[in-house]
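With this note's numbering applied, the sequence shown closes on residue 946, and no number is skipped along the way.
Note that beta-carbon positions come from the ideal geometry of N, C-alpha and C, so glycine has one too.
Please read the structure below before turning to the comments.
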Amino acid sequence: MTAEFDGIDKNYVQESVRKKKFLALQDKISSLKFLDPACGCGNFLIVSYRELRRLENKILEQVFTDGFLNISDAIKVNINQFYGIEIEDWPAEIAHLSMWLMEHVMNQETALKFGQTIPSIPLKSSATIKPWNALTIDWNEVIKAKECDYILGNPPFGGTTYTTEEQKKWLRDVYPPKYKVNLVDFVSAWFVKAADFMLVNKKIKAAFVSTNSICQGVQVITLWGLLFNRGIRINFAYTSFPWTNAATNAATVTCIIVGFSYDEVKIKYLYEINKDNLLLAKRVKNISPYLIEEESLTIVNSEKDAIGSKFNLCRGAQPTDGGNLLLSYEEGQNLINSSHPAAKFLKKFVGSDELINGGHRYCLWLKEEERTEWEHIPYIMEKVNACRKYREESKQSGDAYKLRNKPWSFREQQNPKSAIVVPKVSSSRRNYLPIEMIYDDKTIASDLLFIIPEGDYITFSIIISRLHMVWMRLTSGRLGTGYRYSRDLTYNTFIWPDLTDEQKVQLKQSAKDILKFRISTKKSLAELYNPETMPAELLELHQRNDALVESYYRDKPFASDEERLSFLLGLYNQKVQELEANKKSSKSKK
Numbered sequence: 357m358t359a360e361f362d363g364i365d366k367n368y369v370q371e372s373v374r375k376k377k378f379l380a381l382q383d384k385i386s387s388l389k390f391l392d393p394a395c396g397c398g399n400f401l402i403v404s405y406r407e408l409r410r411l412e413n414k415i416l417e418q419v420f421t422d423g424f425l426n427i428s429d430a431i432k433v434n435i436n437q438f439y440g441i442e443i444e445d446w447p448a449e450i451a452h453l454s455m456w457l458m459e460h461v462m463n464q465e466t467a468l469k470f471g472q473t474i475p476s477i478p479l480k481s482s483a484t485i486k487p488w489n490a491l492t493i494d495w496n497e498v499i500k501a502k503e504c505d506y507i508l509g510n511p512p513f514g515g516t517t518y519t520t521e522e523q524k525k526w527l528r529d530v531y532p533p534k535y536k537v538n539l540v541d542f543v544s545a546w547f548v549k550a551a552d553f554m555l556v557n558k559k560i561k562a563a564f565v566s567t568n569s570i571c572q573g574v575q576v577i578t579l580w581g582l583l584f585n586r587g588i589r590i591n592f593a594y595t596s597f598p599w600t601n602a603a604t605n606a607a608t609v610t611c612i613i614v615g616f617s618y619d620e621v622k623i624k625y626l627y628e629i630n631k632d633n634l635l636l637a638k639r640v641k642n643i644s645p646y647l648i649e650e651e652s653l654t655i656v657n658s659e660k661d662a663i664g665s666k667f668n669l670c671r672g673a674q675p676t677d678g679g680n681l682l683l684s685y686e687e688g689q690n691l692i693n694s695s696h697p698a699a700k701f702l703k704k705f706v707g708s709d710e711l712i713n714g715g716h717r718y719c720l721w722l723k724e725e726e727r728t729e730w731e732h733i734p735y736i737m738e739k740v741n742a743c744r745k746y747r748e749e750s751k752q753s754g755d756a757y758k759l760r761n762k763p764w765s766f767r768e769q770q771n772p773k774s775a776i777v778v779p780k781v782s783s784s785r786r787n788y789l790p791i792e793m794i795y796d797d798k799t800i801a802s803d804l805l806f807i808i809p810e811g812d813y814i815t816f817s818i819i820i821s822r823l824h825m826v827w828m829r830l831t832s833g834r835l836g837t838g839y840r841y842s843r844d845l846t847y848n849t850f851i852w853p854d855l856t857d858e859q860k861v862q863l864k865q866s867a868k869d870i871l872k873f874r875i876s877t878k879k880s881l882a883e884l885y886n887p888e889t890m891p892a893e894l895l896e897l898h899q900r901n902d903a904l905v906e907s908y909y910r911d912k913p914f915a916s917d918e919e920r921l922s923f924l925l926g927l928y929n930q931k932v933q934e935l936e937a938n939k940k941s942s943k944s945k946k
């Protein structure tokens, strides 16, 4: 609307035409109605009203250049244009009062600008604020959809860990029955409710502040798969930015702002806050649910098996033992140093923390075919019996109870001769994933790690590349400020290049160079991949590897990560279409 004002001011010179255009704009802004379905104390409504009044003041300055008798009669923007829903009574009352106070403040601002007094009492109008549950009521009971123009707000965030059982029920009831909502954020319910409400009036435009998790990983499939299928499109978006409230020791939340509607706008913008804290705007044709420019609006779906790699990714070994089959480093070393008979059955045990920060624990790795050897060792049997007791006393519906008859065994018996190891969770600060290789079967990777059994140097070179990293950032979810690597959405959907024998040799050497340098430093992956302390030589080796990998996908270098993503999404679409065509062909032959 500010742009409309600027357009009139710039493009029309004749006084009578300008006045007519400005008055029409005033009529327009005074007829608009706004709904905040999670209004809290009314902050968004207050600011929206204030800015409309200030725009109206600018209009009045242009229209009434010769002065007029009563400024009060000229004001049309009113707090009764604003509607809110707030589940708590007290914040709802504060929102009511705050709107009246802002009306008084704006009356004073207008009066000062035009040199007149505007009485604020008696109160002649009021915002409509309902102390109701926005997820269980029909919003039409607050304002009819046909009368509404804009929906805005900052609905409550809450991942699955922090959502109450009652809130989970509200969430399930908002989504259609076929949708699984156990992994979607609580805030997504407001997007779905808004889309339902807007079906009656597709001219309504909505925008919400949200956690960025709704545009990552599996949540994209659930939320945006539903909204895009209905015809919703994203009109503008502010990509990820940190938001900390004024509370002491308040956690920083990574947020986004998404504007959406059924009536698609022609001019769309992506906004980004750069490293210098400057807001950059980019005009785009389409905005994907991952908040990047992308023509086909692709949504990456889960795959049970890798569609691009010959190697499968699987999770490491989960003890499910109550801690009885695991040993500290010190306990394991004591057994080894004393030549204890149990030492023969020890293997190094590495979890996510040990992989990244260095070190290892030990575990008892017992095989049924070797039972005649280890069942006569009291130390081992004490551990096995304690594990049996733990499993027998566990919930009968759980994995531990199901394993009660094999108390010597881990849940998974993953012990390949070599493997590539990928941490399930990694800091978002790193430019590269801290991936490692295990070269023998003397180390067990825990279930906090993914492993690629028998994964080779070529696979290592590709999975540690920047190209794979940007795909991971797109498709994997978040855990706090880190990434939660997804097997089904990231590894299994990544499209690998077709390689010549010569290219395979080059990638193999590139991987060896990176690994050799790492070993020479005797530093942990945490130290090596800290972006502030990463050795220049290691960074150069990675950059060479990046360039090498990307050159096997296409000849032209990529200009940006956004271009990389757009290219990878195109490859993914092509691969999915090929797989679908093959399925149809197989069915027709039957």
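Per DSSP, which one or two residues make a beta bridge with L805? L805 pairs with P779.
With a floor of 3 residues, list each beta strand (DSSP E) that falls wholly inside the region 501-581, ordered by position along the chain. Counting whole runs of 3 or more residues, the region 501-581 contains the beta strand (DSSP E) stretches 506-509 and 561-567.
Do you know how far the Cα of L636 is from the Cα of K630? Contrary to the premise, residue 630 reads as Asn rather than Lys in this sequence. Our two residues, N630 and L636, have alpha carbons roughly 7 Å apart in a direct line.
According to the neighbour-count rule (16 or more other Cβ atoms, all chains shown, within 10 Å of its Cβ), is L823 buried or exposed? Looking at its Cβ environment, which holds 16 or more other Cβ atoms inside 10 Å, L823 is buried.
Taking only three categories from DSSP, how would you classify I655? Of the three classes helix, strand and coil, the one that applies to I655 here is coil, per DSSP.
For S782 and L711, what's the separation of their Cα atoms in angstroms? In a straight line, the C-alpha of S782 is about 11 Å away from that of L711.
Taking the beta carbon of T604 as the centre, do at least 16 other beta carbons fall within 10 Å, making it buried, or is it exposed? Low confidence applies to T604: its pLDDT is 46, below 50, so where it sits in the model is not reliable, and the reading given next is rough at best. Counting the other CB atoms within 10 Å of its CB gives T604 a total below 16, which places it among the exposed residues.
Within the same chain, show all residues whose beta-carbon is closer than 7 Å to that of F378, passing over the 5 residues directly before and after it, in chain order. Take F378, set aside five residues on each side of it, and the residues of its chain with a beta-carbon closer than 7 Å to its own are I364, I415, Q418 and V419, in chain order.
Output the distance between the C-alpha atoms of V740 and G715, rounded to the nearest integer angstrom. Those two C-alpha atoms are separated by around 25 Å.
When DSSP labels each residue in this structure, what does E628 get in the three-state scheme? Three-state result, E628: strand.
Could you check whether the region 762-772 touches the region 674-691, counting it as contact only if at least three pairs of C-beta atoms, one from each stretch, sit closer than 8 Å? As far as the Cβ criterion goes, the region 762-772 touches the region 674-691, which means the pair count is three or higher.
Stretch-stretch touch, CB-based, cutoff 8 Å, three pairs: the region 799-807 with the region 538-553: Under the 8 Å Cβ criterion, the region 799-807 does not count as touching the region 538-553, having fewer than three qualifying pairs.
DSSP puts L720 in a beta bridge; with which residues? DSSP, once it has assigned bridges, lists L702 as partnering L720.
Taking the alpha-carbon positions, what's the Q862 to R900 distance? Using only the alpha carbons, I get a separation of about 11 Å.
DSSP three-state assignment for C611, whether helix, strand or coil: Residue state, collapsed to three classes: strand.
Nearest to N591 by alpha carbon, out of N568, S569 and S617? Out of N568, S569 and S617, S617 has the C-alpha closest to the C-alpha of N591.
With contact counted as at least three CB pairs below 8 Å, one residue from each stretch, are the region 829-848 and the region 865-882 in contact? No: fewer than three Cβ pairs fall under 8 Å.
Helix, strand or coil at C670 [DSSP, three-state]: Note: C670 maps to strand in three-state DSSP.
Under DSSP, the beta strand (DSSP E) around N591 begins and ends at which residues? For N591, the enclosing beta strand (DSSP E) begins and ends at R589 to W599.
Pick from C611, I612, G398 and L391: whose alpha carbon is nearest that of E503? It is L391.
Starting from the C-beta of K940, find all residues in its chain whose C-beta is less than 8 Å away, skip the five residues before and the five after it, and write them out in chain order. So no residue of the chain qualifies.
Taking the continuous beta strand (DSSP E) assigned at F390, which residues delimit it? From DSSP, the beta strand (DSSP E) with F390 extends over F390 to D392.
Helix, strand or coil for L583 per DSSP? Residue state, collapsed to three classes: helix.
One question on the structure: do K864 and Y788 come within less than 7 Å of each other, judged by their Cβ atoms? No, they are not a contact pair.
Between R586 and the rest of its own chain, which residues show a CB-CB distance below 7 Å, the 5 nearest in sequence each way excluded? Within the same chain, R586 has close Cβ partners A551.
Please classify R900: does DSSP put it in a helix, a strand, or coil? When secondary structure is reduced to three states using DSSP, R900 falls in the helix class.
Cutting at 7 Å between CB atoms, please list the residues of its own chain near R747, excluding the five before and the five after it. Answer for R747: A756, Y757, L759, R760 and P763, listed in chain order.
From R639 to I623, what distance separates their C-alpha atoms? Looking at the two C-alpha atoms, the distance is approximately 7 Å.
Let me know the secondary structure DSSP gives A637 once reduced to three states. Look at A637 here: in three-state DSSP terms it is strand.
If distances are taken between C-alpha atoms only, which option among L453, N436, W488 and F400 comes closest to E442? When only C-alpha atoms are compared, the closest one is W488.
For a quick check, are the C-beta atoms of Y735 and L683 less than 7 Å apart? Taking C-beta atoms as the reference points, Y735 and L683 fail to come closer than 7 Å.
Within 10 angstroms of the Cβ of R834, are there 16 or more other Cβ atoms? Answer buried if so, exposed if not. Buried.
Can you find at least 3 beta carbon pairs, one from the region 658-672 and one from the region 685-702, that sit closer than 8 Å? Because the criterion of three Cβ pairs below 8 Å is not met, the region 658-672 and the region 685-702 do not touch.
For M793: DSSP bridge partner residues: According to DSSP, M793 bridges with I776.
Is the beta carbon of E918 sitting closer than 7 Å to the one on I570? The Cβ atoms of E918 and I570 lie no closer than 7 Å to each other.
Y439 - containing beta strand (DSSP E), residue span: F438 to I441 is the span of the beta strand (DSSP E), which, as asked, contains Y439.
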